[in-house]
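*Asks:* If you're matching them up, the sequences are chains A and B in order.
Reminder that position 67 of the first sequence reads as 67 in the numbering used here, one-by-one numbering, no gaps.
When you read off a place in the second sequence, starting at 1, and then add 1000, the result is the number in the numbering used here.
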Amino acid sequence: MTRIVVEQKVLKENDRIAAALRARFRDAGVFCLNLISSPGAGKTTLLERTLEGFPAGERVAVLTGDIQTENDAVRLARFGFLVRQITTGGTCHLEARMVEQALADWRLEDLELLFIENVGNLVCPSSYDLGEALKVVLLSVPEGDDKPLKYPAIFHKAELLVLNKLDLLPYVPFDLERARAHARHIHPGMEILEVSCTTGAGLNTWRQWLKERREAARREAAALTR
Amino acid sequence: MHELSLAQTLLETVEAEARRRPGARVVTVGVRVGELSGVDPEALSFSFEALVADTALAPLALAIERCPRRHRCPRCDFTFAATDSDFACPRCGSTPTPCVGGDELELTFLEVEEP
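1) Our contact map puts leucine 21(A) next to valine 136(A) with C-beta atoms below 8 Å; I'd like the distance itself, whole angstroms only.
2) Measure from the C-beta of cysteine 92(A) to each C-beta in chain B and report whether the shortest distance is under 8 Å.
3) Glutamine 101(A) CB to nearest chain B CB: under 8 Å?
4) Which runs of the beta strand (DSSP E) at least 3 residues long sit entirely within the segment 1003 to 1065 of chain B? Give them in chain order.
5) Determine the burial state of glycine 1030(B): buried for a count of at least 16 other Cβ atoms within 10 Å of its Cβ, exposed for fewer.
6) Nearest to glutamate 1111(B) by CA position, among His93(A), Lys211(A), Ile86(A) and Met1(A), is which residue?
7) Among residues of its own chain, excluding the 5 on either side of threonine 44(A), which ones have a beta-carbon nearer than 8 Å to its beta-carbon?
8) If we ignore side chains and look at the alpha-carbon of each, how far apart do leucine 224(A) and alanine 28(A) end up?
9) Give the list of continuous beta strand (DSSP E) stretches no shorter than 3 residues that lie fully inside the segment 1066 to 1095 of chain B.
10) Are the C-beta of cysteine 1099(B) and some C-beta of chain A separated by less than 8 Å?
11) Tell me whether the beta-carbon of leucine 11(A) lies closer than 8 Å to the beta-carbon of tyrosine 128(A).
12) Say whether chain A places a C-beta atom closer than 8 Å to the C-beta of valine 1052(B).
13) At which residue ranges does the segment 155 to 221 of chain A contain complete alpha helix (DSSP H) runs of 4 or more residues, listed in the order of the chain?
14) Going by other Cβ atoms of all chains shown within 10 Å of its Cβ, with 16 needed for buried, is lysine 211(A) buried or exposed?
15) Mapping DSSP to helix, strand and coil, what is alanine 19(A)?
16) Evaluate glutamine 208(A) with the Cβ neighbour count: other Cβ atoms within 10 Å of its Cβ, from every protein chain shown; 16 or more gives buried, anything less gives exposed.
17) Using C-beta distances below 6 Å, list every residue in its chain close to leucine 277(A), excluding the 5 sequence neighbours before and after it, in chain order.
18) Between arginine 84(A) and the rest of its own chain, which residues show a CB-CB distance below 6 Å, the 5 nearest in sequence each way excluded?
19) Can you name the start and end residues of the beta strand (DSSP E) that arginine 107(A) belongs to?
20) Are aspartate 175(A) and serine 196(A) close, meaning C-beta to C-beta below 8 Å?
21) Quick check on DSSP: helix, strand or coil for glutamate 7(A)?
22) Leaving out five residues on either side along the sequence, give the residues of the same chain with a beta carbon under 7 Å from the beta carbon of alanine 1050(B).
23) From what residue to what residue does the beta strand (DSSP E) around alanine 61(A) run?
24) Going by alpha carbons, who is nearest to proline 1074(B) out of Leu1107(B), Pro1096(B) and Thr1108(B)?
25) Under 8 Å: do the segment 1020 to 1035 of chain B and the segment 1060 to 1068 of chain B share three or more Cβ pairs, one atom per stretch?
26) Using DSSP with H/G/I as helix, E/B as strand and the rest coil, what is cysteine 32(A)?
27) Where in the segment 100 to 152 of chain A do unbroken runs of the beta strand (DSSP E), each at least 3 residues long, occur, reported from the N-terminal end onward?
28) Skipping 5 residues on each side, what residues in its chain have a beta carbon closer than 6 Å to that of leucine 134(A)?
29) Compare the C-beta of leucine 138(A) with all C-beta atoms of chain B and state if any pair is closer than 8 Å.
30) Determine the closest residue to phenylalanine 1109(B) out of Trp106(A), Lys9(A), Glu215(A) and Ala217(A), with distance taken between C-alpha atoms.
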């Protein structure tokens, strides 16, 4: 019996495509975010609120992933920006290959900001790098404040936690302080924003965060090419 | 439940390796699965077994090495396996301690019988 040491990532091929995408985003000056949450936490609604705040001509695009239907793309296309649906036909997460194919005929040079709305799922999307600059995890108040402990992988990997549906706090047993503590237990120093896409509370802070991160990414890219 | 597609990817890698060694029989595949990888080892085993059964590689065992979440103490540089309830450094008590590992999903080895 011979033991052959292999030592390679199982998702080597996905990681290779993701690295190529990341290089293309960087070269084209595109800041890419991968939005992850369970179904119904409000990814599409957050994107609607975000897109409606942009001036016409903003260089932004959205890829939105779902197992079935074009519903999200239809909702998001109303704002006049570039939107494309990825229907996975059963797969519970997006893979780098799907992103590569979905934007094959886009000119990345025309974009500055790309949102990838992942399939609603707190588990599987955390394993797949899509070439994004960073992952954002959404958690809505009715889901419960212990989600970071139950799904540590995504809370570990996401740079920002957006707590959504804060307007429902009076009606559900959700302890905001405990949710924050759980998230920072898994991910010390994790950035957390609290919003309600229904009332609009906190959305200015989210827009400000987005603006700052885009500018920081731009400065980093400029420093690299200098 | 993405373990089925992971098992498929794993199997394709093993098949490619097997083709490079004509006559050799792969008997065990070793993988490392971290606690933060988002992968359920039981589901991976189950999927792998189900897929292997229909291939020329059967019987083929999957040996899973589970890796805990590892943290490193910024004060005393000690690296330790963290538990759900406690991320404090077991040596000096420092907290918080940054996470430095536990998201592995790797093919580590193949055990083969050469002719």
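Every residue gets a Cβ at the ideal spot worked out from N, C-alpha and C, and that includes glycine.
*Replies:* With the given structure in hand:
1) Your numbering for residue 21(A) matches position 21 in the first sequence. Your numbering for residue 136(A) matches position 136 in the first sequence. About 17 Å; that fails the 8 Å criterion.
2) If you number the first sequence from 1, residue 92(A) lands on position 92. So yes, cysteine 92(A) belongs to the interface.
3) Within the first sequence, the letter at position 101 stands for residue 101(A). With 8 Å as the cut-off, glutamine 101(A) does not count as an interface residue toward chain B.
4) 1025 to 1034
5) Reading the second sequence from its first residue, position 30 is the one you call residue 1030(B). Glycine 1030(B) is buried by the Cβ-count criterion.
6) Stepping through the second sequence from its first residue, residue 1111(B) is reached at position 111. Among His93(A), Lys211(A), Ile86(A) and Met1(A), the Cα nearest to that of glutamate 1111(B) belongs to Met1(A).
7) To locate residue 44(A), count along the first sequence from 1; it is residue 44. Correct list, in chain order: Thr64, Asp72, Arg75, Leu76 and Glu117.
8) Within the first sequence, numbered from 1, the residue matching residue 224(A) stands at position 224. Within the first sequence, numbered from 1, the residue matching residue 28(A) stands at position 28. Annotation: leucine 224(A) to alanine 28(A) spans about 13 Å, alpha carbon to alpha carbon.
9) 1070 to 1072 and 1079 to 1081
10) On the second sequence, residue 1099(B) is found 99 positions in, with the first residue counted as 1. Cβ-Cβ to chain A under 8 Å: yes for cysteine 1099(B).
11) The sequence position of residue 11(A) within the first sequence is 11, counting from 1. The sequence position of residue 128(A) within the first sequence is 128, counting from 1. Yes, the Cβ-Cβ distance between leucine 11(A) and tyrosine 128(A) is below 8 Å.
12) Position 52 of the second sequence, counted from the first residue, corresponds to residue 1052(B). By this cut-off, valine 1052(B) is not an interface position.
13) 176 to 186
14) By 1-based counting over the first sequence, the position of residue 211(A) is 211. Classification of lysine 211(A): exposed, given that the 10 Å Cβ count is below 16.
15) Here residue 19(A) refers to the residue found at position 19 of the first sequence. Alanine 19(A) falls in the helix class under three-state DSSP.
16) Locating residue 208(A) in the first sequence gives position 208, counting from the first residue. Exposed: under 16 other Cβ atoms inside 10 Å.
17) No information on residue 277(A) is available, as it lies outside the stretch 1 to 226 that chain A covers here.
18) Within the first sequence, numbered from 1, the residue matching residue 84(A) stands at position 84. Only Leu63 and Ala102 meet the Cβ criterion.
19) The sequence position of residue 107(A) within the first sequence is 107, counting from 1. Segment: none, arginine 107(A) is in no beta strand (DSSP E) and carries neither H nor E.
20) Position 175 of the first sequence, counted from the first residue, corresponds to residue 175(A). Position 196 of the first sequence, counted from the first residue, corresponds to residue 196(A). In this structure, serine 196(A) does not lie closer than 8 Å to aspartate 175(A) by Cβ.
21) Against the first sequence, residue 7(A) aligns to sequence position 7. Strand.
22) By one-based count along the second sequence, residue 1050(B) stands at place 50. Taking alanine 1050(B) as the centre and dropping the five residues before and after it, the same chain places no C-beta closer than 7 Å to its C-beta.
23) Within the first sequence, the letter at position 61 stands for residue 61(A). 60 to 66 is the span of the beta strand (DSSP E), which, as asked, contains alanine 61(A).
24) For this step, residue 1074(B) is matched to residue 74 along the second sequence. Among Leu1107(B), Pro1096(B) and Thr1108(B), the Cα nearest to that of proline 1074(B) is on Pro1096(B).
25) Note that the segment 1020 to 1035 of chain B touches the segment 1060 to 1068 of chain B; at least 3 beta-carbon pairs, one per stretch, sit closer than 8 Å.
26) For this step, residue 32(A) is matched to residue 32 along the first sequence. Strand at cysteine 32(A).
27) For the segment 100 to 152 of chain A, the continuous beta strand (DSSP E) assignments of 3+ residues that do not extend past its boundaries occur at 113 to 117 and 134 to 140, in sequence order.
28) Position 134 of the first sequence holds residue 134(A). Closer than 6 Å at the Cβ level, and outside the excluded window around leucine 134(A), lie Glu159.
29) Within the first sequence, numbered from 1, the residue matching residue 138(A) stands at position 138. By this cut-off, leucine 138(A) is not an interface position.
30) If you number the second sequence from 1, residue 1109(B) lands on position 109. Here the closest residue by C-alpha is Lys9(A).
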